[in-house]
Amino acid sequence: MTDKKHRSGEWFARDGKYGFLPRSWMKSQGFSSEMLDGRPVIGICNTWSELTNCNRNLRELAEHVKRGVLMAGGFPLEFPVTSMGEPFMRPTTMMFRNLVSMDVEETIRANPIDGVVLLAGCDKTTPALLMGAASCDVPTILVSSGPMLNGRFRGRELGSGTDMFRLDEEYRTGKLSKAELSDAEAAMSRSAGSCMTMGTASTMASSAEAMGITLPMNGTIPAPDSRRSVLAEQSGKRIVELVNEGVTISKILTRSAFENAVKVTGAIGGSTNAVLHLIALAGRLGVDFTLEDWDHLGREVPTLVDLKPAGRFLMEEFFDAGGLPVVMKRISALLNLDALTVSGITIGEQIASAVCYDDEVIRTLDRPLTSDGGLMVLRGNLAPNGAVMKPSAASPRLMQHRGRAIVFKDAEDFRARIDDPDLDVDADSVLVLQNAGPRGYPGMPEVGSMALPKKLLARGVTDMVRVSDARMSGTAFGTVVLHVAPESAIGGPLALVRTGDIVVLDAHARRLDIDVGAEELERRRATLQLPPPAFERGYGKMFIDHVQQADKGADFDFLVGGSGTPPSKVSF
Ligand code: FES
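In structure tokens, the structure reads:
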């Protein structure tokens with residue numbers, strides 16, 4: 155046992171008592187000396203949890219990964235990291251993304267691991283795991299849990315989240331009974347897997363595929379489909395080869411890969427959350443990739459995928475139509491085709507043989523769902539450091555709009571007053587939400603798509619302009635301006651808006667302003683009282699003290715960059 159060609163050899167290939175301890179304790183699990191004799195050790199980083207339904211098939215998928223690792227001569231070792239279930243965690247999963255990335259980073263670095271397969275699914279689990287692995291720069295492949303089966307309810311397809319918002323509106327306006335709503339709950343989520351709309355989970359799994367950090371079709375194969383097990387097996391086989399070839403994550407996630415991800419996010423009508431996650435991920439890798447890139451790279455990209463929330467279909471249809479390789483082939487003129495993938499070939503080679511089986515689900519270039527599908531970055535006196543909107547989810551008539559602000563000082567104030575019959579609001583009003591940003595809430599909850607006032611819903615109003623420093627669920631829709639930076643809780647201009655001010659949105663000109671003079675804004679600033687911090691101790695305090703603004707991806711200031719996996723001090 156003298157082979158130290160792999161990092162794990164620093165543990166298992168040491169002589170005498172120094173190697174005895176790690177080898178002996180491994181043997182207690184029933185592993186033979188043969189397993190410990192120079193095989194690359196593959197960590198299988200698992201976010202399985204009964205608190206994260208979307209990831210509940212990952213235990214089973216881990217077994218398929220292990221088979222692939224063994225097939226290729228590696229030694230698989232599965233380990234848990236903190237999971238994050240979107241529907242449960244309070245105040246919001248986004249507050250824990252950075253914490254989980256630290257869990258992943260430190261677990262990889264502290265242990266005899268040569269390469270990792272990341273098992274993720276629910277929204278934040280994907281960026282958290284990629285960010286952690288990126289800061290270690292080990293060979294890495296992501297395997298997603300996959301989208302759940304389409305929801306079906308009384309002859310009608312139900313898309314995760316998206317149809318929940320519609321059902322809620324029907325319930326609030328008396329069109330749906332409580333019992334019917336309860337039946338719909340069971341019908342919407344009927345299998346393991348992540349949301350099957352083009353929400354954040356599907357967007358992140360697809361953008362990871364676009365960046366080449368997964369095997370092809372990772373983004374779309376349904377969670378219960380046996381072909382996902384095959385993908386897991388093949389990912390296990392391939393990670394061993396990547397370790398032997400010395401292909402680390404930074405060789406895959408290059409600037410070219412991020413550029414491809416921006417374009418693919420536009421082409422699939424992806425979630426605004428991708429903006430935050432990919433900027434934060436690039437920061438870990440030292441890749442120069444900014445909020446501005448989202449705007450200028452996304453400008454000429456048409457949305458081709460006709461999926462909810464922007465379109466009609468769901469992830470099962472997307473998979474059956476040929477999946478992401480078809481989309482990438484159709485926009486190949488916009489892509490960096492020479493970007494390397496974990497398959498060992500370029501992304502151009504990977505998508506060359508893609509065939510479309512349904513042009514209704516994956517539209518052709520001459521018949522896009524939206525011609526300008528990329529996410530927009532707005533600036534103006536209301537958002538000096540930027541704000542984000544998703545044009546494919548917005549109403550074209552509201553893209554240029556002047557309206558009277560109705561200001562809510564926080565999410566609780568919004569919930570308390572939005573359905574008040576006396577609220578002075580009409581269809582042209584602009585709903586403005588303050589103190590829901592990275593530090594203010596804290597954690598930027600997905601409350602930016604503020605539900606419309608009940609009395610306007612009853613009158614048939616379906617969309618209004620909404621502005622906040624919050625995020626929006628990838629499954630939501632509407633003319634919603636998000637991620638306003640700097641946020642109101644640190645004194646950004648959003649904090650100075652008062653009910654009655656005129657808000658001016660000109661999405662085509664990429665502008666977001668309030669029609670209030672600079673002198674008046676300064677007067678208001680002089681008397682502005684910032685809200686007290688929500689936490690005085692623990693992780694919450696660390697989050698508030700170190701989280702950066704939305705335009706920086708809301709990563710911690712001290713986590714930007716990576717430390718690799720240098721030889722550590724040996725405690726034994
Ligand atoms: Fe987990 Fe949507 S709630 S993926």
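Mapping to the working numbering: the sequence shown position 355 is 509, numbers consecutive. Note that beta-carbon positions come from the ideal geometry of N, C-alpha and C, so glycine has one too. The structure presented is a predicted model; accordingly, all values stated were derived computationally and were not measured.
As computed with DSSP, PRO538 is found in no beta bridge at all. Just measuring C-alpha positions, the residue of ASP655, MET543 and VAL584 sitting nearest ARG625 is MET543.
The Cβ atoms of LEU519 and ARG484 lie closer than 7 Å to each other. When secondary structure is reduced to three states using DSSP, LEU205 falls in the coil class, being assigned neither helix nor strand. By the neighbour-count criterion, in which 16 or more other beta carbons inside 10 Å mark a residue as buried, TRP165 falls on the buried side. Beta-bridge analysis with DSSP links THR351 to no other residue.
For GLY628, the CB contacts under 6 Å within the same chain, skipping 5 residues up- and downstream, are GLY353, THR354, THR357, SER425 and ASN427 in chain order. THR316 and THR351 do touch by the CB rule: their CB atoms are close to 5 Å apart, below 8 Å. Collapsing the DSSP output to three states places THR524 in a strand. At a cut-off of 6 Å, the beta-carbon of SER348 counts as near ligand 1: some heavy atom of the ligand is closer than that. Three or more pairs of CB atoms, one per stretch, sit closer than 8 Å, so the segment 557-576 contacts the segment 585-599. With a cutoff of 6 Å, ALA464 does not count as near ligand 1, since its C-beta is closer than that to no heavy atom of the ligand. Shown here, PHE250 sits in a helix according to DSSP, grouped into three states.
If the five residues before and after LEU385 are omitted, its C-beta is found closer than 7 Å to the C-beta atoms of VAL297, LEU369, MET371, ASN372 and ILE375, all from its own chain and listed in chain order.
Straight across, the Cα-Cα distance linking ASP576 with SER583 is about 15 Å.
Residue pairing by DSSP puts ASN200 in a beta bridge opposite PRO234 and LEU273. Within the segment 306-377, the beta strand (DSSP E) runs of at least 3 residues that lie entirely inside it are, in chain order, 310-312.
At the C-beta level, ILE501 and VAL459 stay beyond 7 Å of one another.
Taking VAL418 as reference, the option from ASP709, TRP448, GLU395 and SER389 with the minimal CA-CA separation is TRP448. Here SER507 carries a coil assignment [DSSP, helix/strand/coil]. Comparing alpha-carbon positions, the option among ARG213, ASN539, ALA377 and SER343 lying closest to ALA359 turns out to be ALA377. In this structure, LEU273 places its C-beta atom within 7 Å of the C-beta atom of LEU212. In this structure, the alpha-carbon of ILE668 lies about 15 Å from that of LEU636.
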